[in-house]
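Keeping their order, the protein sequence lines are chains B and Z. Counting with our numbering, you get residues 1 to 460 for the letters of the first sequence. Counting with our numbering, you get residues 1001 to 1460 for the letters of the second sequence. See below for the structure under consideration.
There are 2 protein chains.
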Amino acid sequence: MRLISISLFLCAALGAALDAATADLIVSAGKVVTMDGQRRVIENGAVAVVKGRIVAVGPKAEIDRAYTAARRIDRPTAILTPGLVNAHAHAPMALLRGIADDRDLDDWLRNFIFPAEAKNVNEEFVRVGTRLAVLEMMQGGITTYADMYYYEHAIADETRKAGMRGVLGQTIIGFPAPDYKTPKEALAATERYILAFKNDALITPSVAPHAIYTNSAETLTAARELANKYGVPYLIHVSETKKEQVDAAAAHKMSPTQYLESLGALTGRTVMAHMVWADAADLAVSKKREAGLVHCPSSNTKLASGVAPVPAMLKEGLRVGLGTDGPAGSNNDESLFEEMDLAAKLAKVTTMDPKTLPAQAVFEMATLGGARALTMEKEIGSLEPGKRADLIAVSTQSAHAQPAHDPYSMLVFALKSSDVTDVVIEGRITVENRRALTLNEAEVLRQAAAIRAKVDASLK
Amino acid sequence: MRLISISLFLCAALGAALDAATADLIVSAGKVVTMDGQRRVIENGAVAVVKGRIVAVGPKAEIDRAYTAARRIDRPTAILTPGLVNAHAHAPMALLRGIADDRDLDDWLRNFIFPAEAKNVNEEFVRVGTRLAVLEMMQGGITTYADMYYYEHAIADETRKAGMRGVLGQTIIGFPAPDYKTPKEALAATERYILAFKNDALITPSVAPHAIYTNSAETLTAARELANKYGVPYLIHVSETKKEQVDAAAAHKMSPTQYLESLGALTGRTVMAHMVWADAADLAVSKKREAGLVHCPSSNTKLASGVAPVPAMLKEGLRVGLGTDGPAGSNNDESLFEEMDLAAKLAKVTTMDPKTLPAQAVFEMATLGGARALTMEKEIGSLEPGKRADLIAVSTQSAHAQPAHDPYSMLVFALKSSDVTDVVIEGRITVENRRALTLNEAEVLRQAAAIRAKVDASLK
């Protein structure tokens, strides 16, 4: 990479006509928001890609002198950014979108979600639901998502086919699930799943014990051992509701985070979703263990769980990403643009300080922060030579985005998922001019409607 | 209207081939969310329009038997709803979009907004800014907006030309403004403006004293007298920030609402924006005076003003609408879909009850509630025979909106401004298939960019 930078520099400095190297793809845009170490925003910039990796980022004129490419995407008025990272999702629940809103969590889970899942979730459901969610996420500029659901090997297979990057956690839960009947069965299957996908360029297979209140200490510990055996992430819901805190205090005399720490369950790659009720001591443990934390503002407000202490997390230098959570009542969509906007506004109003969580910090959570939360910051989250080529172009040519101004402010407060025009993941164009290339949109929507009709009938 | 209903009934009952009447326009859709007295949602419904008014709403088959129309919009998979009502805006500030984010209100106003306005706001600025904002609002399904700004006669002229409905308040403020140098001058000009537009089908000219802290008691009273002389609305910011409460208590020994009441300034059509810090006594006064209240969740969170007591307002049966506020740092866009989503989530998390402010109640705030806040519920806010034909079609054919479910839930939690395909205002199609028909989009964006370049230069 150093060599390329130097040759670009020489080329620009001397105006010499060096022989151009060959790239697989060049993407250029009016502004390139790199999120690199200097947080450079390059006017009329471009990114060159070779074999799924970024090889150069710089002014378009320089990139064009240094590289030729068979495939190009040129968007002179768009903003080019790293692909967004959705650090907490339950993709197949897209099929249960809006199945029951405006209800108490307990009513929602017991009377709608659990019955709907028990009656309907099978491998076919999961495959169609994943295609639907991946389509929505890709069209909205998400290039990596972290997932916790059932039949995760099928989710991984569909995600890979669609060309999407995923950190995909097989659920381990202490009651009979749609896929496996016992945690032991689930753990054994998870190991087979890890072995099948562990060398995949797009898929990071993961272990996902649901929560401390749905798993025994033995299961939580066994899941950690399995994760560490293969160096894969351990995804878990932590401190989502006040009830979880109260119950943990009653059962274990400590917070959920402290309980996990006491079990040795935080010794390795860990992604803790929600952390709404985390206190300073919990954040200190998270820091010590370098755990990733995921803020899910739509879910936490819609389900009235509370507001996570994001400013404190960032002040402590923790690894904090953003997540949509599932779209079945806790959101009900999968737009990281909306999560950015809401995260900023919530942080400001809860601290009664409009300076809290400025746009750039929020955009960082949606990109490099999410990458750090998933311990993937060396691979994704910014546009830098050597990183995987995950990038998106966002149109600014609309009434809601004009006049143009600070790009971070535009990305967080004005631009929408619907403004994303092009998506590249691992160097492959998956969305071009708003059209999905790796999924058949009409077919996916048709399949989703057909399955939902069955779900609705099953609940009558 | 009664006659039409009976004839429709007879027609359906007897299967008779009555001679079809002629409508100017028929709009049909997969679902019609009427917001009528019975809150009917009609499957495969349609609306017939004659001379800018709705003449019939019912099943498409019945409407098609009863009417023929030269113009039709048929959207078999869309949701047809009343046009959205943005009950608090500052349209021309679209040109100042994102001019300064993440700052204290005082810093933002004194160092950015006021200098930018003093140096740049003239009639041309206001005209271009209005075109930009109206374009954004119309494309996002807003058919009526309430505005408070300078040169309001020019805003009214542009709004009318674009075919948009507006309740447009000329600002009265106790310091030299871009248009008028004294409140007295402004009041005189406002009367001329009212006279010029008072019989307009689209424009409701209004009087807009900025706030109690920027106007003398004499001005607040004179503005009320002027409003009542012509029966037009009195638009004012009330209880937006805690500072306003504290200052009112110090200066007047009462709340801003009580102060206005003590001046007799609430005796007539009144629209009070924000009401973040309103207490039970303030709400009681609002009820007694039948004042309209406008909740602006994006602005109130982004500027860290606080969260208005919306559940209490609705419980008291008050007239409550939703507003975007201006897009220059307090939002930064003008999407009522986002305001709906945020209003619901904020109400849930601040009450720690997910049942608070369910989707249908939120959608009502964005339509009939806004109409009631503007005292226009007999004219707009629902799809009913006799009302003005303001309606929108919203596409459901996207990954984020499928599978289809409860239409209120979809409208509030999943659908976006970008899903609006068609807009009809006063019976005129202003947006068709997402394309604005009454404004030249490319030209508006170009003009906006040119003015913003001047604004940015003026601040250097």
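Note that the Cβ used here is the ideal one computed from N, Cα and C, for glycine as well.
With the criterion set as a beta carbon lying under 9 Å from some beta carbon of chain B, the members of the region 1299-1314 of chain Z are Asn1300, Thr1301, Lys1302, Leu1303, Ala1304, Ser1305, Gly1306, Val1307, in sequence order.
Bridge partners of Z/Glu1432 according to DSSP: Z/Arg1435. Listed along chain B are Pro354, Lys355, Pro358, Ala359, each with a C-beta nearer than 7 Å to that of Z/Asp1102. Secondary structure at B/Ala48: strand, using DSSP grouped into helix, strand and coil.
Note on geometry: alpha-carbon atoms of Z/Arg1097 and B/Glu432 lie some 28 Å from one another. Distance between B/Val420 and B/Asp247, taken at the CA atoms: about 43 Å. Spanning the alpha carbons of B/Met137 and Z/Thr1324 requires a straight line of approximately 26 Å. Think of a sphere of 7 Å around the beta carbon of Z/Met1410: the chain B residues whose beta carbon falls inside it are Gly98, in chain order.
When the five nearest sequence neighbours on each side are left out, the beta carbons in the same chain lying within less than 8 Å of the beta carbon of Z/Arg1072 are those of Leu1025, Ile1026, Val1027, Ser1028, in order along the chain. At least one CB of chain Z lies nearer than 9 Å to the CB of B/Thr351. Between Z/Ile1212 and Z/Tyr1149 a beta carbon distance of about 19 Å is seen, past the 8 Å cut, so the two are scored as non-contacting.
The Cβ neighbour count for Z/Arg1269, taken over all protein chains shown within 10 Å, is at least 16; the residue is labelled buried. Counting along the chain, Z/Ala1087 sits inside the beta strand (DSSP E) bounded by residues 1084-1089. Taking 8 Å as the cut-off between beta carbons, none of the residues of the region 147-178 of chain B comes near chain Z. Under DSSP, B/Tyr67 forms a beta bridge with B/Ala21.
From the listed residues Z/Glu1441, Z/Asp1422, Z/Gln1139, Z/Gly1427, the smallest Cα separation to Z/Val1055 is found for Z/Gly1427. Ranked by Cα distance from B/Lys460, the options B/Ile42, B/Glu240, B/Asp406, B/Pro115 are led by B/Pro115.
For chain Z, the residues of the region 331-349 of chain B that bring a beta carbon within less than 8 Å of one of its beta carbons are Asn331, Asn332, Asp333, Glu334, Ser335, Glu338, Asp341, Leu342, Ala344, Lys345, Leu346, Lys348, Val349, in chain order. At a C-beta separation below 7 Å, B/Arg452 has these neighbours in chain Z: Pro1403. Contact annotation for Z/Asp1406 against chain B: Gly98, Asp101 [CB-CB distance below 8 Å, chain order]. Taking every protein chain shown into account, the CB of B/Phe175 has fewer than 16 other CB atoms within 10 angstroms, so this residue is exposed.
Shown here, B/Arg39 sits in coil according to DSSP, grouped into three states, outside any helix or strand. Legend: CB atoms of the region 410-427 of chain B lying less than 7 Å from CB atoms of chain Z belong to residues Met410, Phe413, Ala414, Lys416, Ser418. The beta carbons of B/Ala23 and B/Val50 sit closer together than 9 Å. Sequence-ordered contacts of the region 1230-1249 of chain Z with chain B read Lys1242 [C-beta pairs closer than 9 Å].
Beta-bridge partners of B/Gly292 (DSSP): B/Val271, B/Arg319.
Taking a Cβ-Cβ cut-off of 9 Å, the neighbours of B/Gln139 in chain Z comprise Ser1398, Ala1399, His1400, given in sequence order. At a cut-off of 9 Å between beta carbons, Z/Ala1094 contacts chain B. Within chain Z, Ala1399, Gln1402, Pro1403 have C-beta atoms less than 9 Å from the C-beta of B/Leu132, given in sequence order. Close to chain B, meaning a Cβ-Cβ distance shorter than 8 Å, are the following residues of the region 1436-1449 of chain Z: Glu1441, Val1444, Leu1445, Ala1448, Ala1449. The count of Cβ pairs closer than 8 Å, one atom from the region 394-405 of chain B and one from the region 346-355 of chain B, stays below three, leaving the stretches out of contact. Scanning the region 1355-1397 of chain Z from its first residue to its last, the whole alpha helix (DSSP H) runs of 4-plus residues come out as 1359-1364, 1370-1373. In this structure, B/Val33 lies near B/Phe363, with their beta-carbon atoms less than 9 Å apart.
Under the three-state reduction of DSSP, B/Asp282 is assigned to helix.
Look at B/Leu105: its C-beta is under 9 Å from a C-beta on chain Z. Chain B places no beta carbon closer than 9 Å to that of Z/Leu1391, leaving this residue out of the contacts.
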